[in-house]
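Below is one structure, written out as structure tokens; comments come after it.
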Amino acid sequence: MKTIITITLLLAAFVGQAQQVNLAPLKLEINLTTVKQSLSNTAVFYSEDESSPEVSIGNVIGFYGIDGIAKDFRMIETPVFSKEYSKEHPEFKSYTGTSLDGKTQLKLSITPAGITGVLIEDGKYYYIEKSRTGTLSTYDLFNESQIEGEATCGFNEPLNDIDGKNLREIKGVTDTHGAQLRTYRIAIACTGEFTVQNGGTKAGANARINELLTLINARYETELATTFVLATGNDNIIFTDPTSDFFTPGGGADPNQSQNVFTNSLNTAAFMPYANYDIGQTLHYKDEPSFPAGAAGASGAAGPTPCQDDSKARSWTQYSEGTPGIANAAFLTGIIIHEMGHQFSAWHTFNGSGANCAPGTGQYDETAGYEPGSGNTIMSYNGICGTEYNLTGGKVNYFHARSLFQISSALNGSSGNCITPTANANAIPTANAGIDRTIPKGTPFVLTGTGTDANGNGTLTFTWDQYDQPVSDDQGALGTINGIGGYNAINSTTAPLFRTKQATNGTRVFPDLSFVLNNSNVPANNEGEALSAVAREIDMRLVVRDNKVLGGAFATDDVKITVANSGPFQITSQNTSTLWFQGTSQNIAWAVNNTNLAPVSCANVKISISYNGGTTFSTIVASTPNDGSYVYTVPNNPSTQVRIKIEAVGNIFFDINDVDFTISNQTCTPITSSISNASSVSGIEGSSALNLNLTPPSPSASYSYTFMAVNTANDQIRLFNGSADLRSLSPGSFRVYGLSFANGTDFGAYLNTTFTSFQTAISNGSICGKVSSNSKTVTITACPSIPNAPTSNNVNIFDNESAMLSASGCSGTYNWFETANSSSVLSTGPNYQTPVLTQSRSYFVSCLETCESQRAEVIVSVLSYCEPSPNCGFGDIITKVALKRNMSDFFSNPSGCISGGFKFYNSTVIDITQGETIEVEVTKAIEYPAGLAVWIDFNNDRDFQDPGELIFSKKSNSTPIQFGSFQVPANTSLGETRMRVKIDYSFDTSDPCLVQNSDGEVEDYLINILSSTNCANVVSLVSPTNDITSGTSIIRSNNNASGSNEGRITATNKITGGNTTYSAGKKVQLNPGFQASGTVVFKAEIGGCSN
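Taking the working numbering, the leading residue of the sequence shown gets 17, the next gets one more, and so forth.
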């Protein structure tokens, strides 16, 4: 698979304690010498020692907190090199500490190159690294979620049972981890390329390893009470010369090569014998000259199993960077941690599809795909699935509960049989997910879990992870998006619905409260918070972590949510703009939908009110029957942000009305009115006589005025309209009333209700309004005969052209409209000239005689070139396109990776001639197999799919420079058109509109096809041979011709479309028979060309 990709590391907005501090990394000034002095002579704890490390006896130093403000920490030295290796390299240090207030934990790597560190608070990670701007003592402080970028992984799984892969798990049983500390000796082989990129010396490579292991241990110690120390003798496998190391890197990460080298070349006393390490991996730098400055890329692949000699080094991580030092330790660490997860038998947790997640890529595993879409935990593929599957918010810094189970199972299995765990002084927290519940479908709910920590560290975090194993057909099912099984997640009984989220308390709302308040309980698919629309079971696992460095512990507990077929339970009132006046009686209504019956069995509900948009609620009634209605007397508590919440008593489901509404402290005093001209009116349906144009009384500051039409036959309100325009009503007899009402009242819910019930609502205060004292009778009669709709043909045009639409079959007036329901007439008459269009759309035409016909739709299809959106950062980049005659360039364009992977080079027009042979030269950036294809749209129909338009293609050739040739068809259309050049890692050369898996680049060029007689001394254009119907054409004659009648263009042809220019050297002669008509642009000029 493809493994090298480009990412831009934007160390963007630093986030501190849930608020954005500024729009760039915080700049810190750190004196390396002072920090070293502060940490000198502090207690040293080696992981090999059996004693548990105690931060409490360390030195107190002043450092920075997550907000960049000074904070005191107690620190001890915790080397990431073995005791013997540390003695050989005393210049490389690693420290661990806790702030004196107990809220923040700190890991620091100190080398001659400087400081690298991480602060951990409330389960979130904040990194400290040398700044690329400022002085030698300037450092950046940034949040992990602001590291933007992508990385690919190809986990490498053998064809045998693996720890954690085929384990049977009993759900609902509390699980714990962290009673023991585990220390693994890790061997890290560095290719010559890696060492060269990190200073060219073993010291430089060791400094990088010290940084990486410090940050890796911060994560694995906190999550899984597991730490790694660099094996003694690791200097032996740090290679400084790419030509003499044992590795032969290819294009991608190669874990099998890593294991083979460790087994066949390094397993000697001179290098790294099996007995000296428990887990191994290879680090490599891949030189990519095409990488732009400020960009970096990384990839990795790995498979199990540590402690087993023939597989414990099956891991390879590599990176590339356009600017030295741009690939910071925080970014690389995230990839290595992911790959080490594979080594400990944790598989990818995504359930999405597309791009790197597509079926057939070998990266999906239904036994671990517990996260919706791309997922967002460490073992997910966040950001590199198909666009619609990438969950918002970026990646989080912890493992999903499924990964924790798989890794902890491996640690307690064969992946841990080569190490001896030691007791952990840290107590394991407790977790309680609560009792199982039954809730209605499509209804929000709340889970509340609890946890305790006997150590009293105050650093507990709570994570709710959905814990349902999907079936293989669930892949790609996300929210309302169908997966490979042809169904979506909300209608599946097994697909994952809810993403993981971490907080400092155990309460979580599903979906997030913001979506309940703003999206009517329906988040976007890529939020990963979809409510089930069908009956099913949902298992949720609460993970309680104590987040202690040097040996974190966690506990889990499961709760089963049974979604019943009843529901949804939802508020049906106050879902549109509503105004309540204090002191009035208002009805709060909700759809019970059998939630009062078994199996939900909710007999009573609690009703609450919010005056701040749903942030907090006050109780209206603590318990009232779940019967769908409650009458409430509005208090004198004015607000424009009122919300109503109804929640089950004794259950966890609820709903909140859809929009903020208003409570006014005023009394309801609408104006009294009457209709001054109450004479009866009759008219044919749709006729102008039915637009009564009644004038409302003068408005007041608090009240508005409208008119309402009531059907005399059934007392139904059929229309509210500010000017009493009744042209949209069907035949019948109507009473028209005036209505004064309080500003902000929405009458949508009262359409088609009875006038009697409307007056009752006014009487009881549900509506603040007053109906006029009289009414006007209007009788609407049916059309005596409705004319047939006009007939019209659909039209195809090119982009940025206008269309002439024509209709026929009407003996009255043709009316053209923008939409099927528009009341504004664009034009009258049988023809309509559209404005210039860039996209397809419809227009509508009717026939007006005594009555108006139905409107006929006319579709204008705008033909335009497809524009792919590949990712050229992988190195599949076009660096030069040249066209040649007799092997000599007449056009050459150097190019590179463009944002979006597609560019149209239209500043230069490339002239080619009918019948001539052209050579093509395309250069790509790297020596890597890929597909290459070149097309020319010879008939200028805005696609490249016609026979003969693929002029050159090659597959699976790694040679950077490719050559081909083609002949311009002798009878091809003249004028301007496009050439497309595509490079595609997937080797596809058939589809000019698609780059498979997004790896590649596409470039378009502006081609002008000249006549074989073009640039002759005399160019003669005759009909029908040289007729022009569309496109852009430029025809030239020789401007160096010497004869008096030469340098001419003579024309008797017809131009009926497009944009045409006759550019003559001396004279344009338009003879009888020449015609330029219709929607054309024609220009004659003196200019010509030179032979």
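Think of the CB as a built atom: it goes at the ideal place given N, C-alpha and C, for glycine as much as any other residue.
Could you give the residue range of the alpha helix (DSSP H) that holds residue i?
i, result
"S773", "F771 to S779"
"E227", "K218 to L240"
"F278", "P271 to N280"
"A345", "A345 to Q359"
Just to check my reading of the structure: residue i and residue j have Cβ atoms closer than 8 Å, yes? What is that Cβ distance to the nearest angstrom?
i, j, result
"N681", "P654", "4 Å"
"A758", "G785", "7 Å"
"F366", "E387", "6 Å"
"A805", "S749", "About 29 Å; that fails the 8 Å criterion."
"T243", "E237", "5 Å"
"I1044", "Y1078", "Not quite, the Cβ-Cβ distance comes to about 10 Å (not below 8 Å), so this is no contact."
"N1087", "N1054", "Rounded, the Cβ-Cβ distance is 20 Å, inconsistent with contact."
"I136", "V565", "7 Å"
"S1039", "T1068", "6 Å"
"E404", "I497", "6 Å"
For residue i, does the three-state DSSP call read helix, strand or coil?
i, result
"R15", "Within the shown structure, residues of the chain are numbered from 17 to 1107, placing residue 15 beyond reach of any answer."
"Q213", "helix"
"P641", "strand"
"N603", "strand"
"Y405", "helix"
"L1037", "strand"
"F1098", "strand"
"G1104", "coil"
"H300", "strand"
"I926", "strand"
"T259", "coil"
"L1147", "Lying outside 17 to 1107, the shown extent of the chain, residue 1147 is not represented and no answer is given."
"F670", "strand"
"V37", "The predicted position of V37 is uncertain, since its pLDDT is 29 and thus under 50; no value can be drawn from it."
"G1089", "coil"
"T169", "As written in the sequence, residue 169 is Cys, which differs from the Thr given in the question. Reduced to three states, the DSSP call for C169 is strand."
Which one or two residues does DSSP pair with residue i in a beta bridge?
i, result
"M724", "F736 and Y753"
"Q196", "A439"
"V841", "DSSP, once it has assigned bridges, lists no residue as partnering V841."
"V462", "V525"
"V538", "In DSSP, V538 forms no bridge with anything."
"M995", "I952 and Y1021"
"I577", "R453 and I554"
Using only CA atoms, which one of the options lies nearest to residue i?
i, options, result
"Q849", "R659, G947 and V874", "V874"
"A443", "D303, G385, V560 and Q602", "V560"
"G467", "T523, S626, F669 and N283", "T523"
"Q983", "G947, N471, T151 and V936", "V936"
"S969", "W951, A986 and R958", "W951"
"D270", "Q334, T321, E237 and A346", "Q334"
"N810", "T776, S791, A765 and R857", "R857"
"L42", "F158, Y111 and R330", "F158"
"T933", "A511, I894 and A986", "A986"
"D924", "L879, D1020, W832 and S839", "Note that residue 924 corresponds to Thr in the displayed sequence, not to Asp. When only C-alpha atoms are compared, the closest one is D1020."
"I554", "I1071, Y483, I926 and P375", "Y483"
"N673", "S718, T594, I733 and I700", "T594"
"L513", "G1074, I353, L494 and D528", "L494"
"A740", "G760, A729 and I691", "I691"
"L299", "Q1091, V532, P747 and T211", "T211"
"S779", "A59, V60 and P686", "P686"
Check for me: the beta strand (DSSP E) holding residue i runs from which residue to which?
i, result
"N1075", "G1074 to A1080"
"R659", "S655 to A664"
"K103", "Not the beta strand (DSSP E): K103 falls in the alpha helix (DSSP H), residues K99 to E104."
"M91", "A86 to E93"
"I934", "T933 to K940"
"T49", "Premise fails: T49 lies in the alpha helix (DSSP H), L48 to L55, not in any beta strand (DSSP E)."
"Y848", "N847 to Q849"
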